[in-house]
Structures are given as structure tokens and as C-alpha cells.
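Chemist: Sharing a structure with you now.
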Amino acid sequence: GGSFMRQCGVAMAEGQVSTDVVSSIGLLEAIPFLGRGLRAMRQAKRGIRQEKWDVVVAIDYPGFNLPLLKWVKKTLVPAPSLVYYIPPNEWLFLKNRANVVCDLSDRVLCVYPEEFRHYREAALEMSRSGAGKCSKPVDYVGHPLVDYVDSSKLGRRAAREEVLKEGRWCGGAAAAVEVEDGAMIAVLPASRKQELRLVLPVMLEACANLVEGRLEGRSSAKRAFTFVVSVAREDFGPKIEEEVAKHPSLRGKVVLFSGHSHVAVQAADACISKSGSCSLEVSLLGIPQVVVYKVGRLTAFVLKRVLRFDLTNVALVNLILGRAAIPELIQQEPPSR
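Under my numbering, read the sequence shown as residues 157 to 493, first letter to last.
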């Protein structure tokens, strides 16, 4: 588990490696985290052996959870019940992964309608063919963000007051900023360290373009902008400040906000978001957004040329709807657009 589970009161095994330090993006980008991942796997196996839990619930994170579930099913007798909550979203790309998940799991809990249909069909097909089965149903339980967003709604004014009160200005505010001053843009750059390196610079360049009026075919130089950068982890703060300092035009215009991201989003007129759950949260809150994402060049080459992934749409909203409902700037797209 990670820091948010700890904040919610979930007890963590002593010495357990946090997902905050092993979670990764891409293919090659994950290599530096292999050592920590192997350590976390050993700790998880030891905990399952010692505690003799009745149920093991895997949450997302297929690179870790699928090997762990394989080990549990093969090694422990009797094996605990295995539940997969938020199964791998590779159902969008790698159609054979559903069979692996269904074969390993006693129950699969899906959060997207199309995901549910896909895994249910895979389970039924396996049962018909005798290749294996989920001993319990594949269920659609809905996305947890829906309930979370419904219970977290604020008015824009209240959200802005909280951001301006609790946030920290990069380089100091250029002038006193009032709640209704100018346009406020939320920036949701990273939940992983690699995203700080790859995604954040592109987003900040786009912010600088807005301030300097260097948009293609548009003039924004006369508008007052405040950018609220959501800081997902405390240790991200120094790196974000370092990147902001590379853009003199952003001095006094960037607020670092370490509170819940939904507050920063609700304070904003628009949002620049990375792909992932945060972009879905922004859409559920009804705030216009542009999704930006970037992986290393070699990873992008492998995904497109070797694995034949279609990188046209990566935002969850577009994947769920099956169409480009929100704009995406992926890899080579210029931040000035």
C-alpha cells in the first residue's frame, strides 16, 4: 500500500515497501525499481505465509499482483480466496490477459462497464471450453471516484480560498491574489517520480506559453493567470520548484498545493492533467482539461513498433467512451497547442 492507505488508517505490515517507491511507468523506466519490487514481493509472500489470511485482494498493479497471485495459487494449500479488484486495463490492448486474470482469481471486481463485459466474456468462454474458470462471478462494482467526487464537491470560491490559504507560492507571489483574480489553471503532473522528469516540464512550458502569449493563433498575454500545481507527494516539492524556476515568466504565478487534488481542480477554470485516474476525476468534476503524457523515447518506440499499441488515446475518459471527448497531447505534440 501507499501513503493514502496509511492516511485512511489501513495497517501496513512492518517493514513493508510502500507502493510510492516501487510504482513506475513505461517499460525501461521500471528497471531502476526492480530491486525494490523484488524486496516488496518477498515481504508480501512472507506476510501471506505467516498471517494465513482467508482472502487476498489484489488491487490494480498487474506487474506485481499477477506474479504474486500465481505464487499463492501454486504454493499455498489450502490457498486463500483470491480477489482481483480493478483488474489490468490491458484488456484495452492485450486481449489474452483476461484469461490469465480469470484463471488466477476466485472473483474479479471491475470498475468500467466495457472492462466488465470483457472479463465476464473471458470467464464464460473459459468455462465453456473447459480451460479454466472463475469460481465466483465477474462483478461490475463501479468506479470509486464517482462516490468520492460526489462527496467532495465544493463551490469554486471555497476551493480557491482553500488553495490560496494552504498553498505555497513558488518564488513568492508577485502581488496579493484575490479569489476572483484572473484565470486559475490546475496542473496535475505526477504521482510517480518518472512523471516529474518526463511530464512536468512539458506542462510547465505550456503554462509559460500561456503567460507569454505564445499560443498558436491566439493571444493570452493580457490575461492574468495563476497556476495551481498539485503536489501528490511531499518529496516532489523541491523538484517541482526546480522546474518552475526554469521559467522566469512563471515567477509569482505558481502555487504548490499539497492538499487533495480535487480541491485544486474545483478551484480552477481549466486543468492540465496527466493521463490516469486524475484525468477521470477532473471530468467527473466537470472542469475542462487537456491531458498530457510522455514516456521515454525507447519505451514509446517499443510500445508503438514492437507491441503495436495504439497511443492515439490514453486518457481514461476517451478510452471509456471510445472517442476523443477531451484533447490529448501525447509524446511529440508541442506544448504550445
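All C-beta atoms in this analysis are idealised placements derived from N, C-alpha and C, irrespective of residue type, glycine included.
1) Nearest CA to the CA of Glu398: which residue from Ser439, Gly369 and Leu356?
2) Taking the alpha carbon of Ser307 as the point to measure from, which residue in Val419, Lys226, Phe272 and Cys434 has its own alpha carbon closest?
3) Could you tell me which residues DSSP puts in a beta bridge with Phe381?
4) Please report the residue range of the alpha helix (DSSP H) in which Tyr304 lies.
5) Say whether chain B places a C-beta atom closer than 8 Å to the C-beta of Lys395.
6) Determine the DSSP secondary structure at Leu494, reduced to helix, strand or coil.
7) Between the beta-carbon of Gly193 and the beta-carbon of Phe220, is there less than 8 Å?
8) Compute the Euclidean distance between the alpha carbons of Ser283 and Arg263, then round it to the nearest angstrom.
9) Check whether the region 342–349 and the region 380–393 touch, using three or more Cβ-Cβ pairs below 8 Å as the test.
10) Answer with buried or exposed for Glu484, where buried requires no fewer than 16 other C-beta atoms within 10 angstroms of its C-beta.
11) Quick check on Ala200: does DSSP put it in helix, strand or coil?
12) Just to confirm my understanding: we take Leu310, look at its own chain, exclude 5 residues before and 5 after, and list those with CB closer than 7 Å. What are they?
13) Just to check my reading of the structure: Arg324 and Leu412 have Cβ atoms closer than 8 Å, yes? What is that Cβ distance to the nearest angstrom?
14) Is Val211 closer than 8 Å to Gly239 when the C-beta atoms are compared?
15) Based on the DSSP output, what are the partners of Arg263 in its beta bridges?
16) Using the Cβ count rule (16 or more neighbours within 10 Å means buried), how would you classify Arg316?
17) Which same chain residues end up closer than 8 Å to Lys226 when comparing Cβ atoms and leaving out the 5 residues on each side of it in sequence?
18) How would you label Pro293, buried or exposed, when you count the other beta carbons within 10 angstroms and need 16 or more for buried?
19) If we ignore side chains and look at the alpha-carbon of each, how far apart do Glu277 and Leu436 end up?
20) Whose C-alpha, out of Leu354, Val473 and Arg453, is nearest the C-alpha of Ile443?
21) Going by DSSP in three states, Arg205 sits in which element: helix, strand or coil?
Modeler: Looking at the coordinates:
1) Comparing Cα positions, the closest option is Leu356.
2) Selected option, being the one with the closest Cα: Val419.
3) The beta-bridge partner set that DSSP reports for Phe381 consists of Ala339.
4) Counted as a single uninterrupted DSSP element, the alpha helix (DSSP H) harbouring Tyr304 occupies residues Pro300 to Asp306.
5) Of the protein chains in the structure, only one exists, and it is not chain B.
6) Given a span of 157 to 493 for the chain in the structure shown, any question on residue 494 remains unanswerable.
7) Closer than 8 Å, so yes.
8) For Ser283 and Arg263, the distance between alpha carbons rounds to 14 Å.
9) Judged by Cβ distances under 8 Å, the region 342–349 makes contact with the region 380–393, as three or more pairs qualify.
10) Result: buried.
11) It is helical.
12) Non-local beta-carbon contacts of Leu310 in its own chain, meaning distances under 7 Å to residues more than five positions away in sequence, involve Val419 and Gln422 in chain order.
13) Confirmed, Cβ separation roughly 5 Å.
14) With the sequence shown as reference, residue 239 is identified as Val, and Gly is not the correct amino acid for it. Yes, the pair counts as a contact, with Cβ atoms nearer than the cut-off.
15) BP columns for Arg263 point to Val239.
16) The residue is buried, with at least 16 neighbouring Cβ atoms inside 10 Å.
17) Taking Lys226 as the centre and dropping the five residues before and after it, the same chain places the C-beta of Leu260 closer than 8 Å to its C-beta, in chain order.
18) Counting the other CB atoms within 10 Å of its CB gives Pro293 a total below 16, which places it among the exposed residues.
19) Whole-angstrom Cα-Cα distance: 25 Å.
20) Restricting attention to Leu354, Val473 and Arg453, the CA atom closest to the CA of Ile443 is found in Val473.
21) Arg205 falls in the helix class under three-state DSSP.
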